[in-house]
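Heads up, the sequence shown stops at 200 in our numbering, and the numbers go up one at a time, no gaps.
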Amino acid sequence: MEINANVWKSSTSKVFNGVLLFSLSGIVGGIVAAIAAFSGSLGAALWVAVLAGLATILGYVLYIMGLGQFQSVLEPQDAAAVSKVKTAAILLIIGAGVSIILSLVPFLGTVVGSIISGILNIIGCILCVMAFSTLKKSTTFPASARGGVSSLYTAYLLNLIGYILMITVILAIVTPILNLIAFILILIGWSNVKNADPTK
Numbered sequence: 001m002e003i004n005a006n007v008w009k010s011s012t013s014k015v016f017n018g019v020l021l022f023s024l025s026g027i028v029g030g031i032v033a034a035i036a037a038f039s040g041s042l043g044a045a046l047w048v049a050v051l052a053g054l055a056t057i058l059g060y061v062l063y064i065m066g067l068g069q070f071q072s073v074l075e076p077q078d079a080a081a082v083s084k085v086k087t088a089a090i091l092l093i094i095g096a097g098v099s100i101i102l103s104l105v106p107f108l109g110t111v112v113g114s115i116i117s118g119i120l121n122i123i124g125c126i127l128c129v130m131a132f133s134t135l136k137k138s139t140t141f142p143a144s145a146r147g148g149v150s151s152l153y154t155a156y157l158l159n160l161i162g163y164i165l166m167i168t169v170i171l172a173i174v175t176p177i178l179n180l181i182a183f184i185l186i187l188i189g190w191s192n193v194k195n196a197d198p199t200k
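Put into structure tokens, the structure is as follows:
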């Protein structure tokens, strides 16, 4: 099956833009909410967290739409792997939604929301690691796209390690560093996939 280069480009552009939106909204939202909380404006911190969560969900919706389109032009084995990434994204949206809703309940809701979100994040990362492990070996992806997929595989492996380390409070200090490296690798990875020419 010949891959449609236009659909490849438009779908992976949606994926890339979705990643950018949900990643940056989480980072910016977290920083602004922390500043608002330290300045004593807990109400503002709560609303910033909610708005950042909504932007995160919007980013994931764009991401899922792009993955769906991308999946439609791939060989069955590659499409099945992308389907795992899509399932992981749906789990992450559910986790973000639960976290937003429960954050409206003081303390206990935040703790419970974080636990549920954390579990869904771990499951999502495992699915992504499995999917990108398969796509790294794709015979239909061009070399530059496989290189991008290798970056995505490494990124989600780092995210998975980071989420597991969050369980141990002492090692949780390493998690932001791993998340930053993973964020950069995810952008590089999807950029490489987006810019690959599937007809070569």
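For every residue, glycine included, the Cβ atom is placed at its ideal position computed from N, Cα and C. Source: prediction; values computed, not measured.
### Message
Excluding the 5 residues flanking Thr134 on each side, which residues of the same chain have their C-beta closer than 6 Å to its C-beta?
### Response
Ala81
Candidates Ser23, Val73, Thr87, Phe22: closest to Ala5 by CA position: Val73
- Query: Nearest-angstrom Cα distance between Ile100 and Gly113?
  - Reply: 8 Å
Under a Cβ-count criterion, where at least 16 other Cβ atoms within 10 Å of its own Cβ denotes burial, should Gly162 be classed as buried or exposed? buried
### Query
Taking just the CA atoms, how far does Gly148 sit from Phe23?
Residue identity differs from the one stated: residue 23 is Ser in this sequence, not Phe. Each residue's alpha carbon lies about 18 Å from the other.
- Message: Below 8 Å on the Cβ atoms is my contact criterion, and I expect Ile57 with Gly97 to pass it. Report the Cβ-Cβ distance as a whole number of Å.
- Response: 6 Å
Measuring alpha carbon to alpha carbon, tell me which residue in Ser11, Leu102, Ser25 is nearest Ile115. Leu102
Going by Cα to Cα distance, which pick from Val7, Gly40, Phe38, Leu51 is closest to Ile27?
Leu51
key: CA-to-CA distance, Ala55 to Ser39, given in whole angstroms   = 24 Å
task = Given a cut-off of 8 Å, decide if Val193 and Thr12 are closer than it, judged by their beta-carbon atoms.
result = yes
>> Please state the DSSP three-state secondary structure of Pro142.
In response: coil
Can you look up Asn4 in the DSSP assignment and give me helix, strand or coil? coil
_Quick check on Ile184: buried or exposed, where buried means 16 or more other Cβ atoms within 10 Å of its Cβ?_
exposed
**Q.** Continuous alpha helix (DSSP H) assignments of at least 4 residues falling wholly in the stretch 37 to 77
**A.** 42 to 72
Item to complete: Report buried or exposed for Pro176, applying the criterion of at least 16 other Cβ atoms within 10 angstroms of its Cβ.
Response: exposed
* **Option in Phe107, Ser144, Val85 with minimal Cα separation from Ile123** => Val85
Exercise. Indicate the three-state DSSP secondary structure (helix, strand or coil) for Ala182 in the structure shown.
Key: helix
### Message
Among Tyr156, Trp8, Thr87, whose alpha-carbon lies nearest the alpha-carbon of Val61?
### Response
Thr87
Other residues of its chain near Met65: CB distance less than 8 Å, five sequence neighbours each side excluded:
Lys14, Gly18
Report, in whole angstroms, the separation of the C-beta atoms of Asp78 and Thr140, which I expect to be a contact under 8 Å.
6 Å
Might you give, ordered along the chain, the residues of its own chain that have their beta carbon closer than 7 Å to the beta carbon of Leu160, omitting 5 neighbours on each side? Ile122, Cys125, Ile126, Val129
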